[in-house]
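Since the structure comes first, as structure tokens, the remarks are kept for the end.
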Amino acid sequence: MPRVASDDLLIRDLMDRAEILDVVIAYATALDAKDWTALGSLFTPEAVWAYEAGGEQVIGPAAIAARIAGTVERLQATQHFCGNHTVQVDGDRARHTCYYQAQHVGHSGETFLGAGRYTDRLTRTPDGWRFTHRTLSNVWSSGDPAVLAG
Amino acid sequence: MPRVASDDLLIRDLMDRAEILDVVIAYATALDAKDWTALGSLFTPEAVWAYEAGGEQVIGPAAIAARIAGTVERLQATQHFCGNHTVQVDGDRARHTCYYQAQHVGHSGETFLGAGRYTDRLTRTPDGWRFTHRTLSNVWSSGDPAVLAG
Amino acid sequence: MPRVASDDLLIRDLMDRAEILDVVIAYATALDAKDWTALGSLFTPEAVWAYEAGGEQVIGPAAIAARIAGTVERLQATQHFCGNHTVQVDGDRARHTCYYQAQHVGHSGETFLGAGRYTDRLTRTPDGWRFTHRTLSNVWSSGDPAVLAG
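Order-wise, the sequence lines are chains H, E and F. Quick note on my numbering: the first sequence kicks off at -11 and runs consecutively. Quick note on my numbering: the second sequence kicks off at -11 and runs consecutively. Quick note on my numbering: the third sequence kicks off at -11 and runs consecutively.
As structure tokens, then:
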């Protein structure tokens, strides 16, 4: 059956959406597995990771991974649960947003959950989509903030 | 999901799924941003929004947006976290269900979380998919219900 | 995700992803609806359901459904909230992982939430994708564990 030209574009858009979600979920998977090499590999060399609440900006894969490791490494476990994904692709650039609930478990089982929103920009590279910007915006939290202080 | 013979139909079905999820997430995004115009625009003129627990029905975009604004406007923040999406498309009609966890944050930081299920019907319009029916079914809650009373 | 040349393969991969997510969500839907026939139907005859924390393995649809019913039947309600899905398809075999938050509500409204990760293997059958393996790994919990003891 002959296929209209636009089918190719629709397929490419759907595949881009799927590949971008894979990168977004790989961030949570790597972080929760404390796999800092995998986490860093998801960012471009000049990528900016920003934590809105603290007015904090970190630049580049190694610094971003080290910043997150500094919070997470000493915890027993974390779980970065994501939902409400939106993806907008424009050629080799894309925007993504999602909600998160980030649970942090200390070594005595005490917990602190921070929840909010990721606002992301990504670029298509020869190795696949990568983050150029990830911004975290807190919305609510529960539990014991001392968990994060280690 | 039923199998169809043609690639074109498969692509259309996948694209419909993606577009319907975009509408579903746009509801949560608009609500949590307190953007009542955007929220209303997701419903057809005769759409029915029903809250099962209260036996409550609201009809039409303006009334639906006003009903939700009445609960949410006075809160500091909300986060309507969605997951477990299912979509069934039948021509220009579709059904969608998902789970939600709706966090409500009062101005002193106190919280009330209501969790349950959306059961939706949508129709394809010249402007894209729109809700004709959205029903909320509560399953569990936690925190302080007084948060909702303002 | 590796790139493949043919549109047909891309469409098939995207459709497989969608169908596999449908099966994954159907597990939560059936469980939360206490529909044990529907739950069992999602597994192949030799399927293995494993609960990592207890070193427990259950084999076959009837035994799996009975095992889960034994925990859930006496509760007022459950909600198995899923997110962070990953899918890898290789011909007629697939792997899937996701995060879960499983809320359990007793008859007095008391709650116990267990959260973790599903690690799944599925196979394509004439009736669609089915689980051959589902493993549950706990990460954190909150609330009153006595809820589960009934």
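The beta carbon of each residue, even a glycine, is placed where N, CA and C say it ideally should be.
The alpha carbon of I52 of chain H has as its nearest neighbour, out of H:T74, H:T32, H:A6 and H:C70, the alpha carbon of H:T32.
G48 of chain F and T74 of chain E have their C-alpha atoms spaced approximately 26 Å apart. Residues of the region 100 to 113 of chain F whose Cβ lies closer than 9 Å to any Cβ of chain H, in chain order: A103, G104 and R105.
Annotation: L19 of chain H to P114 of chain E spans about 42 Å, alpha carbon to alpha carbon. The alpha carbon of A26 of chain E has as its nearest neighbour, out of E:V36, E:A14 and E:W37, the alpha carbon of E:A14.
With fewer than 16 other Cβ atoms from the protein chains shown falling within 10 Å of its own Cβ, S(-6) of chain E counts as exposed. Residue environment: A21 of chain E is assigned as exposed (fewer than 16 neighbouring CB atoms within 10 Å of its CB, all protein chains considered). Short of 6 Å from the beta carbon of H121 of chain E, and not among the five residues preceding or following it, lie these beta carbons of its own chain, in chain order: V36 and R109.
Interface with chain H (8 Å Cβ-Cβ cutoff): L2 of chain E is included. Restricting attention to H:V77, H:A57, H:S129 and H:L136, the CA atom closest to the CA of S96 of chain E is found in H:S129. Every alpha helix (DSSP H) of 4 residues or more that sits fully in the region -10 to 52 of chain F is shown, in chain order, as -5 to 20 and 24 to 28. In the DSSP annotation of this structure, the continuous segment of the beta strand (DSSP E) that includes L124 of chain F starts and ends at G116 to G131. With at least 16 other beta carbons inside 10 angstroms of its own, R5 of chain H counts as buried. G79 of chain H sits in coil when the DSSP states are folded into three classes, being neither helix nor strand.
The continuous beta strand (DSSP E) containing L110 of chain F extends over residues T99 to T113. R55 of chain H and L30 of chain F have their alpha carbons spaced roughly 42 Å apart. Inter-residue distance for T85 of chain H and T107 of chain H is about 5 Å (C-alpha atoms, whole angstroms).
Linking E44 of chain H to D80 of chain E through their CA atoms gives a straight-line distance of about 47 Å.
Here G94 of chain F carries a coil assignment [DSSP, helix/strand/coil]. Counting C-beta atoms within 10 angstroms of its own C-beta, D1 of chain E has 16 or more neighbours from the protein chains shown and is therefore classed as buried. Within 10 angstroms of the beta-carbon of L(-3) of chain F lie fewer than 16 other beta-carbons, which makes it exposed.
The beta carbon of T74 of chain E falls within 8 Å of a beta carbon belonging to chain F, placing the residue at that interface. Checking the DSSP bridge columns, you'll see T66 of chain E partnered with E:H92. Taking a Cβ-Cβ threshold of 9 Å, the residues of chain H close to V93 of chain E are V127 and W128, in chain order. In this structure, the straight-line span from the alpha carbon of Q64 of chain E to that of D78 of chain E is close to 40 Å. The contact set of G71 of chain F on chain H, defined by CB atoms closer than 8 Å, consists of F69, C70 and G71 in chain order.
Burial check for E7 of chain F: the Cβ neighbour count within 10 Å reaches 16 or more, so the residue is buried.
Within the region 7 to 18 of chain H, no residue has a Cβ lying closer than 8 Å to any Cβ of chain E. N126 of chain H is not a Cβ neighbour of A16 of chain E, given a cutoff of 8 Å. The beta carbon of L136 of chain E sits no closer than 8 Å to any beta carbon of chain F.
About 6 Å separates the Cβ atoms of Q67 of chain F and Y87 of chain E, confirming a contact at the 8 Å cut-off. Take the alpha-carbon of Q89 of chain E and the one of F69 of chain E: they are about 5 Å apart. Nearest to P133 of chain E by C-alpha distance, out of E:T111, E:R112 and E:L101, is E:L101. Between the beta-carbon of G131 of chain E and that of T99 of chain E there is about 5 Å, and that keeps the pair under the 8 Å contact cut. Annotation: L9 of chain F to E34 of chain H spans about 35 Å, alpha carbon to alpha carbon.
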